[in-house]
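Chains as they are written, first to last, in the working numbering: chain A, 1 to 226; chain B, 1 to 226.
Just so it is clear, CB atoms sit at the ideal spot from N, CA and C, and this is done for glycine as well.
If you're wondering where the values come from, they're calculated on a predicted model, not measured in any experiment.
In what follows, a single structure is set out as C-alpha cells and then discussed.
There are 2 protein chains.
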Amino acid sequence: MTSVLVIEDDDRIRLSLVLALEDEGFTAQGAATAEEGLLTQRRSRADTVLVDLMLPGVDGFECIRRLRHHDDVPIIVVSARDDTHDVVAALEAGADDYVVKPVAVKELSARLRALLRRARGAVTVGRVPALVFGDLDIRPEAGEVRVRGELVNVTRTEFRLLCELAEHAGRVLSREQLLRRVWEYEVGDERLVDVHVGRLRQKIEVDSAEPRHLVTVRGLGYKLQR
Amino acid sequence: MTSVLVIEDDDRIRLSLVLALEDEGFTAQGAATAEEGLLTQRRSRADTVLVDLMLPGVDGFECIRRLRHHDDVPIIVVSARDDTHDVVAALEAGADDYVVKPVAVKELSARLRALLRRARGAVTVGRVPALVFGDLDIRPEAGEVRVRGELVNVTRTEFRLLCELAEHAGRVLSREQLLRRVWEYEVGDERLVDVHVGRLRQKIEVDSAEPRHLVTVRGLGYKLQR
DNA sequence: GGACGTGTGACAGTTGCGTGACAAACGTCC
DNA sequence: GGACGTTTGTCACGCAACTGTCACACGTCC
C-alpha cells in the first residue's frame with residue numbers, strides 16, 4: 001500500500017483530497033500547515049507528498065526545501081496559481097511535479113503512480129540477484145551456473161531444477177513437488193527426479209558421492225544446502 | 001550535456017522547441033513522426049524525449065509504449081489537449097509527465113531537469129556507457145561495428161539484433177523477446193532469429209562454431225557475453 | 001534376509017540448433 | 001522502367017545434445 005501525505009491549509013480541499021486518494025487505493029493523511037506536515041513526515045514517512053504552495057506561516061517553497069533536506073520523497077505541488085515562475089521555482093526547490101487546482105483525482109493518482117514508478121526505478125528495473133551458495137553461484141538472468149567461478153554447462157531441465165531448489169534453499173522438496181514445479185507434471189515417475197539430480201551432481205559437486213550442496217533427505221526428497 | 005529528442009509533427013512547433021531547448025542548454029533534435037522518432041532514439045539515445053500526442057500514423061500513445069519497450073528514457077508528453085483522460089492514458093502508457101501546449105520553455109526546461117534528477121538518482125545501473133566487449137566494439141550512434149578495430153559490414157537487422165543483445169549484455173534473451181524487440185513482431189517464426197544470429201556470427205566471431213561473444217543458451221535463447 | 005529407497009550407466013526417441021539453398025523484397029543505378 | 005546486387009525471410013536437412021525409461025547395483029532399515 002502506498003501512503004500519501006497531503007499538506008494543504010484549506011480544510012475542505014484537504015479532506016476531499018484525502019478521501020479521494022483513499023478511494024484510489026492510497027493510504028492518505030492530511031496536515032494543515034507546513035510545520036505539521038514536516039513533523040508528520042519525519043515521524044511516519046509517507047511514500048509521497050502533495051503540497052500546496054500557499055500555506056500560512058512557512059510557505060510551500062520552504063516546505064519543499066525542508067522536506068528535501070531530510071528525504072528523497074517524491075513531491076507533487078498542487079497549487080491554485082498557474083504561473084510559470086511558480087512552476088519553475090517549485091521544481092527548482094526540489095518538487096517533482098506541479099499541477100494546477102482544480103485537478104481531477106484520476107490525473108493526480110496517475111501522476112503519483114508515474115512518479116513512484118520512476119522514483120522506485122531501481123526496483124522495477126529489477127536486477128535479479130545471483131543466488132550464491134558457497135562456491136556455487138547461480139545466475140538466473142544469465143542462464144549460468146558457476147562452481148568456483150568456473151562456468152558449468154547445465155541443461156535446461158537441470159537449470160530449472162537447480163533454480164527451484166535454490167529458491168527454497170535449505171528446505172526439503174519432495175520428488176512430487178519437484179515434478180510438479182520443474183516438469184509441470186501432475187503425475188509421473190518420481191525416479192525421473194533422481195536421474196536429473198544425479199546428473200546435476202556430476203556437474204556441480206566436487207565428489208558426487210559426497211554431495212555438499214545438493215543433498216538427499218532419505219524418504220523425503222532433496223534440498224539445496226544453504 | 002543533456003540531449004532531448006522532440007517528436008512533433010508540426011514543423012514550426014518542432015523547430016521552435018528544438019531551438020528554444022538549445023538556448024536552455026540542452027542538445028536537441030527533432031523527429032516529425034513516431035516512426036522516425038523511434039528509429040532516431042534507437043540509434044542515438046537521447047537522454048529524454050518530448051512527444052506530441054497527435055501524430056500522423058502511429059500515434060503518441062503507441063509511440064510511448066514502443067519507446068518504453070526498449071528503454072527507460074524519461075518521457076514528457078507535450079499535447080494541445082487538456083483532457084484528464086489523455087493525461088491518465090499517457091501516464092499509464094509509460095510517460096513521466098504531461099504538459100499542455102502552449103508551454104513556457106522555462107517550465108519545460110525545469111520539468112526536464114526535475115525529471116532527470118529523479119531518473120538519474122534512481123537508475124544509475126542501467127546505463128551502458130560504451131558497448132565494448134573484448135575485441136568487439138559497437139557504436140550505436142555511428143551505426144558501426146568493429147572487430148579488433150576492423151570495420152565490419154553488418155546489415156540493419158543484424159545491427160539491431162546486436163544492439164539489443166548488447167544492451168542486455170550478460171543476460172539471456174529468448175527468441176520471443178528478440179522477435180518482439182528487434183522485429184517488433186508479436187508472433188512469428190522463432191527460427192528467424194537463429195538465422196540472423198548465424199549470419200552475425202559469421203561476421204563478428206573468429207570461429208563461428210566456437211562463438212566467444214554471441215553465445216547460445218540452449219533451450220533459453222541467446223546472450224552477448226560480457 | 002527381505003523390503004525399500006536411492007545412485008547410476010546404457011539406450012533409444014526427441015528436441016534444439018546451425019547452416020546452406022532459394023525466392024521474394026528492397027534499393028540503386030543507369 | 002528495367003537490370004543488378006543486397007538484404008531478408010522461409011524451408012529442409014542433419015548433427016549434436018538432451019530427455020525419459022529401464023535395469024541393475026548398492027546401502028539402509030526393519
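- In terms of Cβ geometry, VAL77/A and LYS101/A do not form a close pair [threshold 8 Å].
- For ARG111/A, the chain B residues whose Cβ falls inside 7 Å of its Cβ are LEU91, in order along the chain.
- Assignment of beta-bridge partners to TYR98/B by DSSP yields VAL77/B.
- THR216/B has a beta carbon lying at 8 Å or more from every beta carbon in chain A.
- Under the 8 Å criterion on CB atoms, GLU107/A is classed as interfacial with respect to chain B.
- When DSSP states are grouped into helix, strand and coil, GLY149/A belongs to the coil group.
- Secondary structure of SER208/A (DSSP, three-state): coil.
- Around the C-beta of VAL6/A, 16 or more other C-beta atoms lie within 10 Å, and the residue is accordingly described as buried.
- Not a single CB atom of chain B sits nearer than 8 Å to the CB of GLY60/A.
- Listed along chain A, the residues sitting closer than 7 Å to LEU220/B by beta-carbon distance are GLY143, ARG156.
- By the 16-neighbour rule on beta-carbons within 10 angstroms, HIS168/A is exposed.
- Under the criterion of beta carbons closer than 8 Å, ALA34/B and THR40/B do not qualify as touching, at roughly 11 Å.
- Residue contact check for ALA28/A against chain B: no CB pair falls below 8 Å.
- Look at LEU131/B here: in three-state DSSP terms it is strand.
- Not a single C-beta of chain B is nearer than 8 Å to the C-beta of THR2/A.
- Along the segment 69-94 of chain A, the positions whose C-beta sits under 9 Å from a C-beta of chain B are ASP72, PRO74, THR84, HIS85, VAL87, VAL88, ALA89, ALA90, LEU91, GLU92, GLY94, read in chain order.
- For the segment 168-200 of chain A, the full-length alpha helix (DSSP H) segments reaching 4 residues or more read 175-182 along the chain.
- Excluding sequence positions up to five before and after LEU112/B, its CB lies within less than 6 Å of the CB of THR48, all in the same chain and listed in chain order.
- Here the alpha carbon of GLU205/A sits roughly 11 Å from the alpha carbon of VAL152/A.
- A distance below 6 Å between beta-carbons, with the five flanking residues on each side excluded, links TRP183/B to no residue of its chain.
- Closest in C-alpha terms to PRO56/A, from the list ARG81/A, VAL172/A, ASP9/A, comes ASP9/A.
- DSSP, reduced to helix, strand and coil, places ARG218/A outside both helices and strands of the structure shown, so it counts as coil.
- DSSP places THR48/A inside the beta strand (DSSP E), whose first and last residues are 48-51.
- Taking 8 Å as the cut-off, the beta carbon of ARG199/B is found closer than this to the beta carbon of GLU158/B.
- Separation of GLY219/A and GLN225/A (C-alpha to C-alpha, rounded to the nearest whole angstrom) is 17 Å.
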